[in-house]
Every structure is written in structure tokens, then in C-alpha cells.
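Chains as they are written, first to last, in our numbering: chain A, 11 to 374; chain B, 121 to 404; chain C, 543 to 820. We treat Cβ as the ideally placed atom computed from N, Cα and C, and that holds for glycine. From a predicted model like this one, the values you see are computed outputs, not experimental measurements.
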């Protein structure tokens, strides 16, 4: 079931939550709405579900206008951040709730219901907890029950509101992977809301980056990261090293740092800001003709196969920089804290004078 | 949570609620004052200065003045014992305190009559010393103590439970004695709840009817509290007088309600702060 | 006291507070109760049974039970209505309504009795309307029921309120996404979660109504076999110096109250553990 959202507008008093939102979600896709709090992502999700009404605009499911259709009739499965399980019902009864709400004519026989519940509980691997009450489950288990409950009625659309927000880090990671896997099994069109970039990037087919009620970009996770459409998207995803200096037409300079590159992105007075991503730079003990950025090695943190280094600029003004190296590159470097090193950017992002993203450049 | 009603049927519910409150609560209250003043302000004054009335007021105050401190002390002791230590029978102790709540006041009066009356072992011993328990002030006080004893404990126990004892333990480690820990650490934390318990205890002590009527003997001028006076004057067909006494008690009830609301807000404030502190301790 | 304490505590004063608390509870609560029990046990079974099954006693059981049941029923409905309206909606006068709910707790029962009897008398403010449609309230079991529902109303409201306040809107939204109609959401989700609190409150109201004395005797008329409640009969027997009969009757109320009290506590703790997990 494809979803289309046209020119949605929503205000709460003076506050504009959503401003002219247009979105196309194709059938079977898993889309992540990513953005900081206040970006409007949850409001958009709830409008698609029918839990809120937009001031203007349309919501279409598979071409059919459902804007004024009551939430009960939209056949959406909704998973809430705080699970919203019925605490007076067992796990099994929670999952069958939707089936029991069906009008008598549509309701399946009791044996069919029981079978469906068992199927669903096996799907979420909670068959052994069918008789328990929500209060006796862990957070991760509760969320899986909520998911099974939402899927019971075979919805056309699955909507998840920060589904892993209330769980701790390890459980979050596990469930993330598990959701992705589930989606591959049951390809129902799904939209989920999150403020966690890693989550959005890992799970989604498409990422929709939102800010202040507007959609900044909708693209695949890779595209959004490598070809950000706006300054906000670039800033929001991943860490940035901001290098502010002066461009004279041939090279960028700040203090005793220098980069030789060709670009048109500088301001009339020669000011040029460059953005450097932590994993788009190398480190060596000597400078080169194209890049002379002396730094002092500070703290180092290892996580998995990546080493993140904190570097203090030597003789030129910059905030503490972060560079990521692979374990092997780090070991080959053989440096100690306090050593002087040189940064060699492989690629840089220019920022235009009015604050937008300029072209990408390579020092040469 | 509190939303402005949007549908007409929600307003209907609100109207129904107002109707129920008006019929069951507001009208009875209004009637008391209407009847009391039905023969004018002068009559009210006359009734209020009637010797029987003054005697009843005095007796009621004495009973309350003795009952409240006794139950205050006991309530604190019990709450401290039940919330600061772990021991077998802790739950039982805290359930026992609820018994007066569930009992018929007349039955309570009867129990006291049987056990502490003149023909019993205890009563006999006291009569031997010239002190009469039942059908006199002591008995009335005892029975009132029984009926009002749960209030302070019931307010303190959940509060002290949720506040935890870390602060008192810190005080002990710093060298305070048990008494000092209580006075300087516990007392400031529970003072609003304590006041609340006192207000409830007082309201009940002043208003107790059934239990006191059984053990008082209803001796005019001697063992009539205000509630008992209400009944006596009603039976004498002194309706306005009865309503005047009732009005006095109703006015006290309204003051109680006011104090209760204010103190409820202050106690909730305290409990919220306490639980906040507790969760802050749990997350590093 | 190693036998008694299950955990060591740094705080001193256990012995003192425990001893004094136990002493107080014994003197004030346990001794009088057991005194009654002993007194009753001194009666022969035949004597006891004779008092209980005396027609007048049986009539008073019937009057009290029926009126208490009726009053609790009224309280369940009205109490739920009030709790719902106060918790869920915002309207002028809400806070006043919330405060007034406690009036029956604060008002002496004799005062309640006096004013209710005047209010519902044949020429009273409300009584006259009832008379106009042919219903007598004063001096009838209906009057007893009204007096009992006045004094026990706060029990239901205050029992239901905290549970209502705890309900989060997302659970109702979840029910809506699963296709539940507003009525189904109310009965299957909200009311189902309120039921234990509602039952507890109603049971407490019932217990209180069984023993209610002051508020009832003004309006009841107190005619034996018709509008005589059990507490009044106990008092009458006391006036006649028939301590035996009074004790026997009192023991019935006492046992009923204690059973109800402990029963309510049990159900409450059972459900709390299941639904709240601790």
C-alpha cells in the first residue's frame, strides 16, 4: 500500500508543526523519519495514522483519499514509544485485541484467532510468554508484543513512533536489526520516527530528514550522507570538523595551516569555511605540498574496528578536531599522545557565504 | 489529561455530575445554615450562648484536645516502626491500624463498655480508686481515640515509605542519636503530612457520634458533646437550636475541607520531591 | 530481637517504637475487640442463636443489608461519574467539586443525619418533589439508603481517581488503531482497568454503610421491622441493659466488617502485583 502526503499543514496555536509537507512512500518500503525534537516527525506520523487531523492537505493510501477517514477504519498498525500495552490483559489477549474488535461478521472463528496469535507470538519469539502480563516483561519484550499486536490485523501500513526510544543501548541495537529482518519477511509499508541517526541509517530503505516542520531531504541512507541536500542535513548527520580560514584563489590559509585547492565557493572578502568529515581524512607524520595542517595528538578511543582521534590544532585557530582511522591505519601510524601529526583531507565540503552547501573539493 | 470538553455528551456528563453534587452535597449543607438562621440572627446568638450549648462546646474541645496529641504521638511511633525496620508481622501491624476504619461506631462503643465498664475487671479497679471510666469523660476520650487512631498513621506510612531512610542513616553515621535523627531529619520532611493527619483526626474527633453516644450516658450538661447535643435538641423539637449546633459543626467541617485541600497540595509536593530524589539515586 | 527482625537496621529505637506501638494497638484496638469476643463466647450457643434469629434482629439485618447494598450501588455509579468528570475534563468549578467530594468525610454524621432528614422530609426542599410523584423518602428504607450513600460517597471517588489519573492517552489511541469503537474502548480498556479500584471503593463504601449510625437514625424513623438498622438495635438492647443480646448482634457486624476489610486488602495486593509487577 503506497502512501502519499500532499501539502500537509499543521499548527498548534502559534507554533507551526508542519509546513507544506509532500511525501511519497512506495509500497513495501521501510522509511525512517529522522530529525531533532520539534521537527514535526511525530506529528506527521500521527496525521498519517489518523490520530491527528491536519489543518490543510491530503493523505492518500494507494491513491485513495483517507484524509477524513477515522483512525479505526484506516487499517494502520501503530507502535507507541511507551508500548501502550493493555496492562490488565495477558500478552496473548493483547495481541488478539484487534481481532476481537472486528464486527461479528468479519471476526474469524475462535480457533482461527488462537492460531493467528500463536503465529504472531512465534514471529516475535515470545510464544513462551503468552500467559504473562505486561508488568512482568522487559522493555524489549513489551515492544515486541506491541509489534505483534499491531500486525495482528494484517495492516496495510505499519507506523512506529520512536519504537526503541525507551530501551537501553544494547536492546535497541538488537531490536533494530530484528525489525529490519522482520520487514524483509513481511514487507508491509512501514514508516518509523526516530531522532537517532544511526538507527535511521541502519534500518531504513529511505531516510526523510526533517527540520522545523519541513522535509530537508528524502533519499537512501547513503545518498543522504554523501550528498546532503542542505546545510542542515550535513550538520545533522555525523560529526563535522569546521575549518575557517581565508582563500586567495590558490590556497586556503588559517594561521600557519594551508590547503592548496581550487574553488569558487569563497565569499567576496575571501573568507572560506570548509567542512571535513572525520573518516574522510588521513594522518601522517609529515605534511605534503597540498595539505599542511599541523595538529597535536590528544585522546584516542577505540570502538570495534575504528579508532577516533582527538586532535588539537597547532598554530592555527580551530576547535578540537576528530579524525577516524581504521585500526590498521592507526597501528601503521605508530603515534603517541602529544606527537605532532599532519591531517590530509581526501575530500572537503565548502560552505557558501550565505550558509548553504557549496561544491565538494579535493586538495591537490 | 484535563481537556476542555469538545462533545455535547461530555458536557452532559459534567452537568450530571453537577446535579449529583448539588443534590447530595450542596443542598444538605445549605439547608443547615438556612434552618439555623430561620428565626433570625438574634435567635442564633441566643442558642450559641445557651449553657447546654456552651457545655457541649467545651466538652467537645476537651475531647479533641486530648485525642489529637495522643493519636499524633501514636501515629508517628507506629509509622516510624513500620517504615524504618524490617520484621515479621510488619504487614499485620499496619493492617491492624485500619480496623477502626471498618468498624461500626456503635460496636466500638459497645466493645469499650464491655471491657472498661464498671462491671469489668479494669473498670472495677478504676472505680475502686474513685475514677469512673464509662459514662464519663474518660470513656468518651478513649472511644474517640479508638475511632480516630488510623488517620495520622495512614497518612504517614506511605509518605515515609516513599521517602526512604537514607537521610536518617546518614545522620546516624554522622553521630546523631535516634531521637536527634527523628527530630532534625525526619520531622521537617513529614510536617505537612503530619498537619494533614492532625486536621483529619480533629475533624473526626469533634464529629464522632455513634461511639460516643453509647458510652456517654447522655447526661444533660455533663456528657453531651456537640453532635450529641444536636440529637438531643432535635428530639426536644428545638429544631432551630439543633440546626445552630449543626451549623457550628458544619462551619468547622468547611474549615477542615479548606485546610485539607491546602495541605493535600503541600503533601503531594513533598512526595513528588521525595520520589524524584529516589530515582535520581538509582540512575548513575 | 533476632527472632523478630529480619534485617539489621542502623537506626536505633526499634525496641521502643515497636513496644509502644504494640502496647497502644493492644490497649486501644485488640483488647476491646477481644473483650467483645470473650463476652460473646460466654453465651451459650442456643442463647446466641436465639438472639440472631429473633424476628426483629433478622428484620434489622435485612433492612441494613439491603440499604447498604443499594447505597453502594448508587455510590458506584455516582462516584465513577464524579471521578471521571473531575479527572478528565477541565471546566469552571472543577476544583470546588473535587474539594466538596470530601464533605461527607469532614462533616459529623449527626449533622448529616439532621440535614438530610430535613431535606427529604415531606415538606423539605427535595422531599416535596418526591412526594409530588408519590414517593416517600423520610421514614422509609429509601431514606436510609440516601443517608448511607451520602456518608460513603468519597470512598468510591477517591479509590477510582488515582487509577484514572494514571491512565495514559496512548493506550486509548492504541485501542483506536486496533479498530475499537469509543464504547468498546471505554468498556474493554478503561473500565476494565478501573474495575479493581471501583470494586475496592464500593466494598469500602458497603462496609462503612453497614455500620453507619448517626446519619441514618435521623431520617429512618426507626420503626422496628421496617426501618430499624442493626446499629440502632444494638444501641436499644444496650439501653435495656441486655448486654448479651447487644454483644451478639454487634459480633455479627464486627465479623462481617473484618472479613470485608481483609478481603479487600487481599484482592488489592494480588492485583497490584499482577498489573504493576511489584
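| Is there at least one Cβ from chain C nearer than 7 Å to residue 90/A's Cβ? | Taking the first residue of the first chain as position 1, residue 90/A is located at position 80. Answer yes: the Cβ-Cβ gap between residue 90/A and chain C drops below 7 Å somewhere.
| field | residue 331/A - DSSP class collapsed to helix/strand/coil | value | Counting from one through the first chain, the residue named residue 331/A turns up at place 321. Three-state DSSP puts residue 331/A in a strand.
| query | Helix, strand or coil for residue 85/A per DSSP? | reply | What you label residue 85/A is simply residue 75 of the first chain in a count that begins at 1. Three-state DSSP puts residue 85/A in coil, outside helix and strand.
| said: Does residue 30/A come out as helix, strand or coil in the three-state DSSP assignment? | reply: Translated into the one-based positions of the first chain, residue 30/A becomes position 20. Three-state DSSP puts residue 30/A in a strand.
| message | Cutting at 6 Å between CB atoms, please list the residues of its own chain near residue 788/C, excluding the five before and the five after it. | response | Counting from 1 along the third chain, the entry for residue 788/C is found at position 246. 776, 779, 780, listed in sequence order.
| field | Integer-rounded CB distance, given that residue 324/A should sit under 8 Å from residue 362/A | value | Taking the first chain and counting its residues from 1, the one referred to as residue 362/A is at position 352. Taking the first chain and counting its residues from 1, the one referred to as residue 324/A is at position 314. Wrong, their Cβ atoms sit about 29 Å apart, outside the cutoff.
| Rounded C-beta distance between residue 718/C and residue 82/A? I'm assuming under 8 Å. | The residue you call residue 718/C lines up with position 176 of the third chain. The residue you call residue 82/A lines up with position 72 of the first chain. That pair is a contact at about 6 Å.
| field | 8 Å CB neighbourhood of residue 406/B in its chain, flanking five on each side removed | value | Given that chain B is displayed from residue 121 to residue 404, the structure contains no residue 406/B and the question cannot be resolved.
| message | I want to verify the contact list: residues of chain B whose CB lies under 7 Å from the CB of residue 777/C, in sequence order. | response | Numbered from its first residue, the third chain carries residue 777/C at position 235. The contacting residues are 226, 334.
| field | Any C-beta of chain C under 7 Å from that of residue 140/A | value | Locating residue 140/A in the first chain gives position 130, counting from the first residue. It does not; no Cβ of chain C falls within 7 Å.
| query | In this structure, does DSSP put residue 270/A in helix, strand or coil? | reply | Indexing the first chain from 1 puts residue 270/A at position 260. Three-state DSSP puts residue 270/A in a strand.
| said: Does residue 201/B pass the burial test, meaning 16 or more other C-beta atoms within 10 Å, or should it be called exposed? | reply: Within the second chain, the letter at position 81 stands for residue 201/B. With 16 or more Cβ atoms within 10 Å of its Cβ, residue 201/B is classed as buried.
| request: Can you check DSSP and say which residues form a bridge with residue 220/A? | output: One-based indexing of the first chain puts residue 220/A at position 210. Its beta-bridge partners are 225/A.
| message | Using a Cβ-Cβ cutoff of 7 Å, what residues of the stretch 46-65 of chain A are near chain C? List them in chain order. | response | 59, 61
| query | Out of 553/C, 771/C, 767/C, 750/C, which has the shortest C-alpha to C-alpha gap to residue 760/C? | reply | Looking up residue 760/C in the third chain gives position 218. Out of 553/C, 771/C, 767/C, 750/C, 771/C has the C-alpha closest to the C-alpha of residue 760/C.
| Along chain B, in chain order, which residues have C-beta atoms closer than 8 Å to that of residue 668/C? | To locate residue 668/C, count along the third chain from 1; it is residue 126. Going along chain B in sequence order, the residues near residue 668/C (Cβ under 8 Å) are 143, 147.
| Beta carbon of residue 217/B: closer than 6 Å to some heavy atom of the ligand FAD? | This structure does not include the ligand FAD; it has no bound ligands of any sort.
| request: Measure the Cβ-Cβ separation of residue 556/C and residue 304/B and say whether it is below 7 Å. | output: The residue labelled residue 556/C in the question sits at position 14 within the third chain. The residue labelled residue 304/B in the question sits at position 184 within the second chain. Going by C-beta atoms, residue 556/C is not nearer than 7 Å to residue 304/B.
| Any idea what DSSP makes of residue 241/B, helix, strand or coil? | Here the question's residue 241/B lines up with position 121 in the second chain. Three-state DSSP puts residue 241/B in a helix.
| So, are the CB atoms of residue 790/C and residue 593/C less than 7 Å apart? | Working through the third chain from its first residue, we reach residue 790/C at position 248. Working through the third chain from its first residue, we reach residue 593/C at position 51. Cβ distance < 7 Å, so residue 790/C and residue 593/C count as in contact.
| task | Mind checking the stretch 620-634 of chain C against chain A and listing, in chain order, the residues whose C-beta falls within less than 8 Å of any C-beta there? | result | none
| query | With 16 other CB atoms within 10 Å as the buried threshold, where does residue 162/B fall? | reply | Numbered from its first residue, the second chain carries residue 162/B at position 42. Counting Cβ neighbours within 10 Å, residue 162/B comes out exposed, since fewer than 16 surround it.
| Hey, is residue 551/C's beta-carbon within less than 7 Å of any beta-carbon in chain B? | Position 9 of the third chain, counting from 1, holds the residue named residue 551/C. It does: the Cβ of residue 551/C has a partner Cβ on chain B nearer than 7 Å.
| task | Per DSSP, which residues does residue 66/A bridge with? Please list them. | result | One-based indexing of the first chain puts residue 66/A at position 56. According to DSSP, which records beta bridges pairwise, residue 66/A is partnered with 19/A.
| Neighbouring residues, chain A, relative to residue 636/C (Cβ below 9 Å) | Within the third chain, numbered from 1, the residue matching residue 636/C stands at position 94. Under the 9 Å cutoff, chain A gives no residues; its nearest Cβ is about 22 Å from residue 636/C.
| query | DSSP beta-bridge partners for residue 282/A? | reply | By one-based count along the first chain, residue 282/A stands at place 272. Bridge partners of residue 282/A: 255/A.
| query | Looking at the unbroken alpha helix (DSSP H) that takes in residue 132/A, where does it start and where does it end? | reply | The sequence position of residue 132/A within the first chain is 122, counting from 1. Per DSSP, residue 132/A belongs to the alpha helix (DSSP H) from 120-133.
| said: What are the residues in the stretch 706-720 of chain C lying within 8 Å of chain A by C-beta distance? | reply: 710, 712, 713, 715, 716, 717, 718, 719, 720
| query | I think residue 650/C touches residue 327/B, with their Cβ atoms under 8 Å apart; what is that distance to the nearest whole Å? | reply | What you label residue 650/C is simply residue 108 of the third chain in a count that begins at 1. What you label residue 327/B is simply residue 207 of the second chain in a count that begins at 1. Indeed they touch by this definition, with Cβ atoms about 3 Å apart.
| Taking the alpha carbon of residue 156/A as the point to measure from, which residue in 316/A, 40/A, 103/A, 208/A has its own alpha carbon closest? | The residue you call residue 156/A lines up with position 146 of the first chain. With distances taken between Cα atoms, residue 156/A lies closest to 103/A.
| said: Alpha carbons only, please: which of 628/C, 798/C, 715/C is nearest the one belonging to residue 751/C? | reply: Taking the first residue of the third chain as 1, we reach residue 751/C at position 209. Of the candidates 628/C, 798/C, 715/C, the one whose C-alpha sits nearest the C-alpha of residue 751/C is 798/C.
| query | Quick one, which of 66/A, 353/A, 365/A has its alpha-carbon nearest residue 268/A's? | reply | Here residue 268/A is taken as the residue at index 258 of the first chain, counted from 1. It is 353/A.
| said: Using 8 Å for Cβ pairs, my map puts residue 694/C next to residue 617/C. What's the rounded Cβ distance? | reply: Working through the third chain from its first residue, we reach residue 694/C at position 152. Working through the third chain from its first residue, we reach residue 617/C at position 75. Indeed, because the Cβ distance is near 5 Å, the residues count as touching under 8 Å.
| request: State yes or no: is the beta carbon of residue 274/B nearer than 7 Å to at least one beta carbon in chain C? | output: Translated into positions along the second chain, residue 274/B becomes position 154. No, residue 274/B lies away from the interface with chain C (no Cβ there is under 7 Å from its Cβ).
| query | Given that a residue counts as buried once 16 or more other Cβ atoms are within 10 Å of its Cβ, and exposed if not, what is residue 35/A? | reply | As a position in the first chain, residue 35/A is number 25, starting the count at 1. So residue 35/A counts as buried.
| Buried versus exposed, by CB contacts within 10 Å (16 or more), residue 249/B | As a first step, residue 249/B must be located in the second chain, where it is residue number 129. So residue 249/B counts as exposed.
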